[in-house]
Amino acid sequence: MDHDASVVWVHQLINQNSHSWNYERLQQNFHEEEIKCISAIPVGLFRQKDQLIWHYDKRGKYTVKSGYYIVREIQKSQHSLSLSVASPSSNSRLEELWKHIWKIKLPSKLSIFLWMMLMDKLPTNDTLHKRLPHFDPCCPFCGEMETSKHLFFSCPHAVAIWINSPLRLRSVFLHSVDVKDCWTELLIPLRNHEDHQQLIQLLVFILWHVWKSRNEKIFRNVIISPQDIIAATLKHFEDFSLANDSISKQSELNHSTLALTPPPVNVIKLNFDAAVDRNRRRGAIAVVARNLEGKPLDWCCKVYESIVDPLVLESLACRDAVTLALNRGFCAVRVEGDSLMVIQAILSQSAPLDIKGSSSISSF
Ligand SMILES: [Zn+2]
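For what it's worth, UniProt numbering labels the leading residue of the sequence shown as 1, then goes sequentially.
Encoded structure:
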């Protein structure tokens with residue numbers, strides 16, 4: 001295929017005047033199947049700057065979580081191609097562990113920390129000593145060998161933190177040698193507890209603060225008392241839980257407000273919705289404008305060939321609702337739909353990757 005070397009950016013494939021794909025250029029650069037997929041992407045009404053994005057994430061933004069996930073996926077595919085390396089059972093155990101960690105609602109740095117701890121990848125003094133023999137392998141608190149098990153569970157410093165925590169845990173009685181097995185041991189009694197999710201979260205927060213206090217001692221020679229460490233842990237945990245609660249309550253609130261509230265006087269309400277017909281590979285949208293009494297003032301209905309992504313269709317429906325309002329000269333409008341992602345994208349001015357640019361919703 002004779003590629004057009006001058007095409008570097010997406011906007012070079014778009015006819016800016018007609019807001020449509022430039023098929024001549026598409027044909028010079030892509031295969032037939034690729035052109036089919038590209039032409040199913042609606043072109044935005046407003047020109048937007050091309051930008052580099054992290055396409056593994058819905059919002060096109062790099063996150064540590066998605067980065068780690070991709071690394072795991074790559075390792076998995078490399079593993080399946082490889083004839084040697086680890087056994088399939090150890091690979092699936094790793095996979096299980098990975099899923100287990102990401103199921104726990106945590107700040108991402110704590111998820112990474114837990115992953116590293118359970119994989120025994122934290123730079124504890126005994127690990128560093130193995131690589132650098134001159135490095136002191138001893139615990140900064142008690143002088144014993146600083147393994148992960150010692151640091152987190154056996155050291156008198158850690159023991160005092162656990163016993164002072166709301167969990168009242170006697171960590172010195174954990175039987176396992178391996179820190180991953182210690183974690184499993186910790187989870188067993190929590191399994192049937194009604195607040196087990198929160199207790200598991202709290203476990204990780206405590207582990208994180210044990211690690212932080214150990215680093216404070218090593219790098220700044222600051223000793224924090226177990227009581228102060230627990231107070232800081234609980235404050236951190238409480239702030240995180242409150243922030244998470246308010247986010248989910250906010251979403252519920254937005255959702256219910258959306259469905260129930262009548263428009264204020266002189267405000268026109270525009271309801272939009274979308275539907276997918278997968279068999280015929282097309283989507284449809286509908287918009288209805290009503291006044292305060294619920295009397296229909298106008299409506300529009302459209303079919304979008306080749307578009308079957310519900311999120312894209314919902315955002316097109318929203319765009320058509322606003323276009324209808326502009327064409328009819330409605331000044332005060334309330335636009336309502338049931339796609340929380342589209343509403344949140346407009347409110348946050350940050351569209352998910354699937355609809356970024358295609359619907360130009362941030363330009364309204
Ligand atoms: Zn120690």
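Cβ atoms here follow ideal geometry from the backbone N, Cα and C, with glycine treated the same way.
Beta-carbon proximity list for residue i, same chain, < 8 Å, skipping 5 on both sides
i	result
I14	S20, W21, N22, V43
S87	Interpretation of S87 is limited by its pLDDT of 44, a score under 50 that renders its predicted location unreliable; the figure taken from the coordinates is listed afterwards. Result list for S87: empty, nothing under 8 Å.
P296	V288, A289, R290
D178	D120, K149
W211	F113, M117, L122, L151, F152
I218	P140
Continuous alpha helix (DSSP H) stretch holding residue i: start and end
i	result
R319	310-328
V287	First-last for V287: 282-290, but that is the beta strand (DSSP E), not the alpha helix (DSSP H).
K302	K302 -> not in any alpha helix (DSSP H); beta strand (DSSP E) instead, spanning 296-305.
R220	196-220
E185	179-187
M116	108-118
R131	125-131
Q27	23-29
I161	156-164
Beta-carbon contacts of residue i that lie in its chain and below 6 Å, excluding the five residues immediately before and after
i	result
H11	D50
A284	A275, V303
Expected contact under 8 Å - CB spacing of residue i and residue j to nearest Å
i	j	result
H114	V204	Per the sequence shown, the amino acid found at residue 114 is Leu instead of His. So it is a contact: roughly 5 Å between Cβ atoms.
T233	I200	Actually they are not in contact, since the Cβ atoms of T233 and I200 sit about 14 Å apart, beyond 8 Å.
A332	I268	7 Å
Pick from the options that is closest to residue i, judged by C-alpha positions
i	options	result
I307	R282, L26, C301	R282
S66	Q48, C300, D320, I112	I112
R328	I188, L270, Q344, D309	L270
K61	K103, L52, Y69	L52
W98	Y68, D126, D136, L26	Y68
V342	L313, T184, F30	L313
Continuous beta strand (DSSP E) stretch holding residue i: start and end
i	result
L270	268-277
V172	No beta strand (DSSP E) holds V172; DSSP gives it neither H nor E.
R334	333-336
Residue i Cβ short of 7 Å to ligand 1 heavy atom set
i	result
H150	yes
H157	yes
E216	no
E144	yes
F153	no
F141	yes
Sequence-distant residues of its chain with Cβ nearer than 7 Å to residue i (five each side left out)
i	result
S18	none
S213	I224, I229
E146	T124, N125, D126, P137, C138, C139
L186	L203
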